[in-house]
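Input: a single structure, listed below in structure tokens.
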RNA sequence: GGACGGGUGGCCUAGUCUGGAUAUGGCAGCAGCCUCCUAAGCUGCAGGCCGGGGGUUCGAAUCCCCUCCCGUUCGCCA
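Numbering (this note's numbering), first residue to last: 1330 to 1900.
So, in structure tokens, the structure goes:
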């Protein structure tokens, strides 16, 4: 328990005790943080019960509370009980914890609970575009947060190597002669292959013969034709190679890749079919397709039937996804799926079907809205896209020119290495900073923002702190509260003390967009401190201030690590 | 038409779950700040009927009802 939690607990028991003394124990009340107090208790809700006005009640209660422990003062103001936290305790404890725990500061002890986080899982039919880029970034940030919350986290990508889209791609790659389509100039398999996907789609629409060939391939695929299946798998595998490169470029690495076709091959999708057929909700359409009726499971609308086989008995996407989730729960205690908002209904059907099958565990979903372009939706097929690779390149190039304009003492490689970190930081930050379900329109100047509320702003502060420590040389740690008398120091330390709470919220409540806001708060507090308080030039405060600089650097590193953003030591 | 999201200064955005004291931060704009630790920075100014209308409450951006706008979805697609 950190000093903040302890403070909150003590405020609670102090108010409880005071309420008991005036003969009204057990009344409910809120505790809130504000500018006026470290913790405030509004007394308005007591008014009715106590037949008195809130102002008087607050004053009566305040008189009954003697500050002690983490509470340094209580005041009644306008019907609020305003509690202030013991600053000395906060300062000492926060700084000492950071020094002692380092990169683990803000993390919770191991829980012994395994969480599977499935994210990205984009169709291997083209490069990742920014419309979908929220998925890996949110998913990876969530996974990192959960790790710090004490979970054993495994990340997983579900590769859809089944179905029409990959078959079309495979047909294109196998049948369209090299050189007859214009490949993208980028030398990366996903960018090379997408040209064939686009062309195959075009030919399929224009040429019935092609359409028939593709339909035939699809039939063979579903009949279990090993030749077709392995050709599709091979193509998907090649495409995936390119996607992995892109992901690695934004610091996203997944622990496991699971192939959809495996659930057909091992028969587990068929098992799902049998189990669902046996439930009391199951039925068959006139054509013989099987379904379960989900009207008792909160699915509304005219069609509440969830169909899980075609009329020829073959399985559907969601049927395989059910098998996949059953498999996940053999390996994990919890499963979280990061999904596009178009999956909302499907996800609900999946959960209901799992319930019908008697699964004890149900996946938790986290949704995001698609990023669109000012001119509308992105589409790989139509070529109306901004690829993530292009965004990264642009961000890195922009960072490169910034560095070039302000540094003349670095080699080309050094500058490029820093530029990569900054460009990626800008991209990741910009995407996680907004609430996932908010619709986002992609604009280059926003995506490439390096000022103010941005990743580079935080990285800059980190680099500043590093530079100061380098220049400082030897110094001793000092956490003596009396040495931190300046208001800017106190604000900064208070900000540092909040890391644990923010990580808890990001992981446990899946509110990852709290992390960038917090990083910005800490960085801004540091910049103010930096502008107003001399560090290296101070005499008696030097050790204390350098300790604060070091602690800030640690906290920023931890936040940036949670965000999957690198921390260059100079920039 | 139903379901589910989103609507907060010119632009982007936090806060909505768990109702509280002057609504968060940034971009763009204006005015200042580098003989001092990295100006990707700091300070100040200006900018808001929290989509609209009702209601509940001592108190509503937040809860309830209605309504408008935007997005997603309602396949024997994946």
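The beta-carbon is built from N, C-alpha and C at its ideal position, and this holds for glycine as well.
Counting C-beta pairs closer than 8 Å gives three or more between the region 1491-1505 and the region 1515-1532, which meets the contact rule.
Residue 1449 counts as buried, since no fewer than 16 other beta carbons sit within 10 angstroms of its beta carbon.
Assignment of residue 1696 by DSSP, reduced to helix, strand and coil, places it in the strand class.
According to the DSSP assignment, residue 1501 belongs to the alpha helix (DSSP H) that extends over 1493-1504. By the Cβ test, the region 1819-1833 is in contact with the region 1848-1858, since at least three Cβ pairs between them sit closer than 8 Å.
Judged by DSSP secondary structure, residue 1411 falls within the beta strand (DSSP E) whose first and last residues are 1409-1414. Pairing residue 1362 with residue 1348, the inter-Cα distance amounts to about 21 Å. In the structure shown, the three-state DSSP call for residue 1333 is helix.
A residue is called buried when at least 16 other Cβ atoms come within 10 angstroms of its Cβ; residue 1849 meets this threshold and is buried. Here residue 1717 is actually not in contact with residue 1518; their C-beta atoms are around 15 Å apart, not less than 8 Å. Using a 10 angstroms sphere on the CB of residue 1674, the tally of other CB atoms stays under 16, which defines it as exposed.
Apart from the 5 residues on each side of it in sequence, residue 1795 sits with its Cβ closer than 6 Å to the Cβ of 1898 in its chain, given in chain order.
With contacts defined as CB atoms closer than 9 Å, residue 1682 and residue 1623 qualify as a contacting pair. In this chain, the beta strand (DSSP E) harbouring residue 1611 covers 1611-1613.
Ranking 1429, 1403 and 1480 by CA distance to the CA of residue 1806 puts 1429 first. When DSSP states are grouped into helix, strand and coil, residue 1445 belongs to the strand group. Across the structure, residue 1541 and residue 1533 are spaced so that their CA atoms are roughly 8 Å apart.
Residue 1582 and residue 1485 have their C-alpha atoms some 9 Å from each other.
Rounded to the nearest angstrom, the Cβ distance from residue 1755 to residue 1784 is 5 Å, consistent with a contact under 8 Å. DSSP places residue 1877 in the helix class (H, G or I) of the three-state scheme. Within 10 angstroms of the beta-carbon of residue 1520 lie 16 or more other beta-carbons, which makes it buried. Per DSSP, reduced to three states, the secondary structure at residue 1760 is helical. Secondary structure remark: continuous alpha helix (DSSP H) runs of at least 4 residues inside the region 1807-1848, in chain order: 1816-1825 and 1828-1837. For residue 1481, same chain residues with a beta-carbon under 6 Å away, outside a window of 5 residues either side, are 1443 in chain order.
When beta bridges are read from the DSSP output, residue 1635 appears opposite 1621.
About 10 Å separates the CB atoms of residue 1425 and residue 1332; that is not less than 8 Å, and the two are not in contact.
For residue 1683, the enclosing alpha helix (DSSP H) starts and ends at 1673-1685.
The residues 1700, 1701, 1702 and 1703, in chain order, have a CB closer than 8 Å to that of residue 1770 in the same chain once the five nearest residues on each side in sequence are set aside. Relative to residue 1401, the option among 1626, 1658, 1384 and 1367 whose CA is nearest is 1367. DSSP places residue 1647 in the helix class (H, G or I) of the three-state scheme.
In summary, residue 1660 is exposed, with fewer than 16 beta-carbon neighbours lying within 10 Å of its beta-carbon over all protein chains present. Beta bridge pairing from DSSP links residue 1368 with 1412.
It is roughly 6 Å from the alpha-carbon of residue 1431 to the alpha-carbon of residue 1883. Its chain contains 1817 as the residues whose beta carbon lies nearer than 6 Å to that of residue 1861, once the 5 sequence neighbours on both sides are disregarded; these appear in chain order. Taking the Cα positions, residue 1820 is about 28 Å away from residue 1388. Shown here, residue 1484 sits in a strand according to DSSP, grouped into three states.
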